[in-house]
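First residue of the sequence shown: 4, per our numbering; consecutive thereafter.
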Amino acid sequence: MLIERPPLLYRLLFPEAIWRIKKNRRKVVFLTFDDGPIPEVTPWVLDKLDEYGIKATFFMVGDNVARNPELYQEVKRRGHSVGNHTMHHLQGMKVSSYRYMHDITEANDLIDSPLFRPPHGLLRWKQARAIKDRYNIVMYDLVTRDYSKKLTPEKVFGNVRRYARNGSIIVFHDSLKAEKNMKAVLPRAIEFLRSRGYEFDTLPMS
Numbered sequence: 004m005l006i007e008r009p010p011l012l013y014r015l016l017f018p019e020a021i022w023r024i025k026k027n028r029r030k031v032v033f034l035t036f037d038d039g040p041i042p043e044v045t046p047w048v049l050d051k052l053d054e055y056g057i058k059a060t061f062f063m064v065g066d067n068v069a070r071n072p073e074l075y076q077e078v079k080r081r082g083h084s085v086g087n088h089t090m091h092h093l094q095g096m097k098v099s100s101y102r103y104m105h106d107i108t109e110a111n112d113l114i115d116s117p118l119f120r121p122p123h124g125l126l127r128w129k130q131a132r133a134i135k136d137r138y139n140i141v142m143y144d145l146v147t148r149d150y151s152k153k154l155t156p157e158k159v160f161g162n163v164r165r166y167a168r169n170g171s172i173i174v175f176h177d178s179l180k181a182e183k184n185m186k187a188v189l190p191r192a193i194e195f196l197r198s199r200g201y202e203f204d205t206l207p208m209s
């Protein structure tokens, strides 16, 4: 549970971050996808979301955007929101704040979004304070763990069933590492959430 749903104590360490968005009595969840765009996986996600009439938010690695600019534009053309996920998928705890901020700025030159999600959800307080002056820091309420080679699709789907709730910001990954689990689980997750009365929305850009 420490991974799938971040504990309250960790959320309190970063009060400037967005972890969950409750919209009064509306039952809403927010699908997000990390680490793309890549041609092997992202187009499938886009087609599947179109099939269900759902808009999502894609947190993109700048290096992938540089390699696939047409795919980046296609995500936006289909009406999805985009966010900054650093240029090289850096983990803030493992690099200097100077390097981390430079990497974010480099990605922003390509992505140009007010939304930022730190890779692995890890960063230093000093970094968070600097980032919040320019970006909305978006964390998550549910990590599906679709990237885990130790989890079967059934267990990943079980994470959705157990932890999704009103206002959840849900993380899937449009990456090669997560491809097998994500493709098996995403349609089931959407259908399950709809059967429970949830609507889907993109993250606010301001």
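The beta carbon of each residue, even a glycine, is placed where N, CA and C say it ideally should be.
By a C-beta neighbour count over all protein chains shown, 10 Å radius and 16 as the cutoff for buried, is residue i buried or exposed?
i: W128; result: exposed
i: T45; result: buried
i: M208; result: exposed
i: R28; result: exposed
i: Y55; result: exposed
i: L125; result: exposed
i: Y103; result: buried
i: P40; result: buried
i: P10; result: exposed
Between the Cα of residue i and the Cα atoms of the options, which residue gives the shortest distance?
i: S178; options: R29, R28 and V64; result: V64
i: P156; options: Y138, F175, E19 and R168; result: F175
i: S163; options: R81, K153 and E194; result: A quick correction: the sequence has Val, not Ser, at residue 163. Minimum Cα distance to V163 is reached at E194.
i: R165; options: N139, A187, R199 and G86; result: R199
i: L189; options: G95, F17 and F36; result: F36
i: F202; options: A59, T147, E19 and L16; result: Here residue 202 is Glu; the residue named in the question, Phe, does not match the sequence. Selected option, being the one with the closest Cα: A59.
i: D204; options: T89, N169, N87 and E73; result: N169
i: A187; options: P121, I172 and D149; result: D149
i: L196; options: I114, Y75, V31 and V141; result: V31
i: F17; options: N71, G95 and R132; result: R132
i: G161; options: H123, R70 and A192; result: A192
i: P122; options: L49, K135 and I107; result: I107
i: D50; options: G82, K25 and A20; result: G82
i: P42; options: K97, Y138 and P72; result: P72
i: N111; options: V68, E182, S171 and R14; result: V68
i: R70; options: L34, S171, V98 and D38; result: D38
i: F33; options: Y138, P10, L12 and Y143; result: Y143
i: L96; options: T89, D66, Q130 and M90; result: For the record, residue 96 in the displayed sequence is Met; it is not Leu. Ranking T89, D66, Q130 and M90 by Cα distance to M96 puts Q130 first.
i: D136; options: R14, R23, E19 and L11; result: E19
i: E182; options: R23, K25 and W47; result: W47
i: K180; options: A167, T89, L154 and I172; result: L154
Which one or two residues does DSSP pair with residue i in a beta bridge?
i: M142; result: According to DSSP, which records beta bridges pairwise, M142 is partnered with nothing at all.
i: R29; result: K26
i: I21; result: V141
i: D204; result: The partner list for D204 (beta bridge, DSSP) is empty, contrary to what the question assumes.
i: F195; result: Answer by DSSP bridge pairing: none, since F195 is not bridged.
i: D37; result: F62 and H176
Output needed for residue i: all residues of its chain with C-beta closer than 7 Å, excluding positions within five of it in sequence on either side, in chain order.
i: V146; result: I6, E7 and V174
If I measure Cβ to Cβ from residue i and keep anything under 8 Å in the same chain, skipping five residues before and after, which residues do I get?
i: V85; result: T60, F61, F62, M63, Y75, V78, K79, I114, S116 and L118
Under 6 Å Cβ to Cβ from residue i, same chain only, skipping five residues before and after it: list those, please.
i: N184; result: D149, P156 and V159
What alpha helix (DSSP H) runs, 4 residues minimum, are completely inside the region 65-120?
-> Within the region 65-120, the complete alpha helix (DSSP H) runs of at least 4 residues are 65-70, 72-80 and 100-114.
Which residue spans inside the region 150-178 form an unbroken beta strand (DSSP E) run of at least 3?
-> At a cut-off of 3 residues, the continuous stretches assigned as beta strand (DSSP E) that sit fully inside the region 150-178 are 172-176.
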